[in-house]
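Protein chains in written order, with my numbering: chain A, 1 to 219; chain B, 1001 to 1219. Virtual Cβ for every residue (Gly too), placed ideally from N, Cα, C. What you are looking at is a predicted structure, and each value in this text was computed from that prediction instead of being measured. Just below is one structure, and these are the notes that go with it.
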DNA sequence: GACCGCCAAACAATCGTTTGGTAGACCCTC
DNA sequence: GAGGGTCTACCAAACGATTGTTTGGCGGTC
């Protein structure tokens, strides 16, 4: 599982001048839909989530979507724009999950917070939607793109802030710091959490809510 | 301080075939010391911390250190190795700060934890040593390098775990999760904290310790 | 015939890295 | 103290691969 079989194929074929790109599937000439565009978005989403922005080339995405790199520019004006759209879709997906979770949650504010955290973790780790969180770790200097992505996340983080405020935290704790600590603990999970590991997501959400609520010191 | 005058020089000169690299300083032929090697490490550290691994080229580092890209390979066998050494130095620096802080700290375990967190934040945000924390956000698939860096951080994270255990947390809270939440909140700070912002580091350390100890719910 | 969606091929730039050479500091010998 | 030799630390220049992107054309559907 550790070796990447792509490397063998990568060096094994190209003998001519340039790329001689060949998409994995010559996908039977789809009729007249824009379904191919979404296929590109899906491919890009999975790749970006795993290997990061710089770790994925336009050719990687194209191959996964069954086309050539140049063809991507029919659908998206640049790699930055493609990433931004992938990111936006991921944020939307997590937001939708949050809405659904809150609709089914009880009224007690801490229980609502726990439900929200679980939805967040689900959307973050269940699929490969980690794009939503990998992005803030962009090079600090890549201001243009980074700012667009931050704007996309603003509304979502505001939701989290409101849920926290509903819990009525102690007035001597800065609510801004509170939210940042929570988001930090939350967004750090992709670094260590693995499916099938020691703790499942519900347990993580429960423990984090409990910590936020009562702290770790014994009563 | 925000604009990079390098960019102007970068595009303004190169007209010939390849690089035509010119280091910013022709640093007067240092006598017979290995001081240049540390200059490379310093340059690399500052650049990596700000722009990330993929955002920095060997030519960038070389220019900052006053030499040409090929010369770096006299000191370091590869870019990966250079980064690993920068990372190791950053971890060592933060560890040293932690030792100093603990030596001057009182005996009460929560106070010790707070001192440790402050030292961590200091080492993380004060200088450009964020390499220590930016690194885990490497592409998940870059196994080789990522594993080396994780090993470098292991001893440090064990220290944090021990400090937390000394606080005698409630037995119904998984101490592993506790540590991960704490590290998450801590390591997320480079994303939002800015010098001169709303909260200074001591305040952040105090608030985080207080949250970990007593939680956010009112008594 | 028009337009959509894609291919094929190239473009210029940049990347990490290698190779061969060389100026100067050092050491040894005469 | 002059001369030779060696080693250190670097320069200069390239190599091959890969990058994001552009351009022109073409088969198929309407």
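Residue-level contact check: residue 1176 (chain B) touches chain A, since one or more beta carbons of chain A fall below 8 Å from its beta carbon.
Within its own chain, the residues whose Cβ lies closer than 8 Å to the Cβ of residue 1189 (chain B), once the five positions on either side in sequence are excluded, are 1121, 1124, 1125, 1204, listed in chain order. Going by DSSP, residue 1192 (chain B) is part of the alpha helix (DSSP H) stretching over 1189-1192. The Cβ atoms of residue 1185 (chain B) and residue 184 (chain A) lie closer than 8 Å to each other.
The straight-line gap separating the alpha-carbon atoms of residue 98 (chain A) and residue 92 (chain A) is approximately 10 Å. Think of a sphere of 7 Å around the beta carbon of residue 208 (chain A): the chain B residues whose beta carbon falls inside it are 1181, in chain order.
Rounded to the nearest angstrom, the gap between the Cα atoms of residue 76 (chain A) and residue 153 (chain A) is 21 Å. Exclusion of the five residues before and after residue 1175 (chain B) leaves 1161, 1164, 1165, 1169 as the residues of its chain whose Cβ lies within less than 8 Å of its Cβ. Distance from the CA atom of residue 102 (chain A) to the CA atom of residue 96 (chain A), rounded to whole angstroms, is 10 Å. By the criterion of a C-beta distance shorter than 7 Å, residue 1208 (chain B) is surrounded in its chain by 1117, 1185, once the five residues flanking it on both sides are discounted.
Linking residue 39 (chain A) to residue 68 (chain A) through their CA atoms gives a straight-line distance of about 13 Å. Taking the beta carbon of residue 88 (chain A) as reference, no residue of chain B falls within 7 Å; the closest one sits roughly 19 Å away.
Against chain B, the beta carbon of residue 168 (chain A) has neighbours under 7 Å at 1218, listed in chain order. Spatial neighbours of residue 110 (chain A) in its own chain (CB-CB distance under 7 Å, excluding positions within 5 residues in sequence) are listed in chain order as 167, 209, 213.
Residue 1052 (chain B) counts as buried, since no fewer than 16 other beta carbons sit within 10 angstroms of its beta carbon. In the displayed model, residue 1067 (chain B) falls within coil according to three-state DSSP, outside both helix and strand. Relative to residue 1062 (chain B), the option among B:1149, B:1081, B:1044, B:1143 whose CA is nearest is B:1044. Residue-level contact check: residue 94 (chain A) does not touch chain B, since none of the beta carbons of chain B fall below 8 Å from its beta carbon. With its beta carbon at least 8 Å from every one in chain A, residue 1068 (chain B) lies outside the interface. In this structure, the alpha-carbon of residue 172 (chain A) lies about 52 Å from that of residue 72 (chain A). Taking 7 Å as the Cβ-Cβ cut-off, the segment 1036-1058 of chain B approaches chain A at 1050, 1051, 1052, 1054, 1055, given in chain order. Rounded to whole angstroms, the separation of the alpha carbons of residue 1070 (chain B) and residue 119 (chain A) is 50 Å. For residue 1149 (chain B), the enclosing alpha helix (DSSP H) has its first and last residue at 1143-1166.
As summarised for the segment 61-112 of chain A, the continuous alpha helix (DSSP H) elements at least 4 residues long and confined to that stretch are 72-75, 79-103, given in chain order. When the five nearest sequence neighbours on each side are left out, the beta carbons in the same chain lying within less than 7 Å of the beta carbon of residue 1079 (chain B) are those of 1058, in order along the chain. Per DSSP, residue 1211 (chain B) is one residue of the alpha helix (DSSP H) stretching across 1201-1214. For residue 57 (chain A), no alpha helix (DSSP H) run applies, since DSSP gives it neither H nor E. Taking residue 197 (chain A) as reference, the option from B:1211, B:1177, B:1187, B:1219 with the minimal CA-CA separation is B:1177. For residue 185 (chain A), the chain B residues whose C-beta falls within less than 7 Å of its own C-beta are 1181, 1184, 1185, listed in chain order.
Counting along the chain, the unbroken alpha helix (DSSP H) around residue 36 (chain A) starts and ends at 35-51.
Of all alpha-carbon atoms in B:1049, B:1180, B:1202, the one lying nearest the alpha-carbon of residue 1090 (chain B) is that of B:1049.
Of the other Cβ atoms in all chains shown, 16 or more fall within 10 Å of the Cβ of residue 1114 (chain B); this residue is therefore buried. Among the residues facing chain A, residue 1124 (chain B) is not included, as its CB has no counterpart in that chain under 8 Å away. Residue 55 (chain A) and residue 1055 (chain B) have their alpha carbons spaced roughly 11 Å apart.
Our two residues, residue 94 (chain A) and residue 108 (chain A), have alpha carbons roughly 22 Å apart in a direct line.
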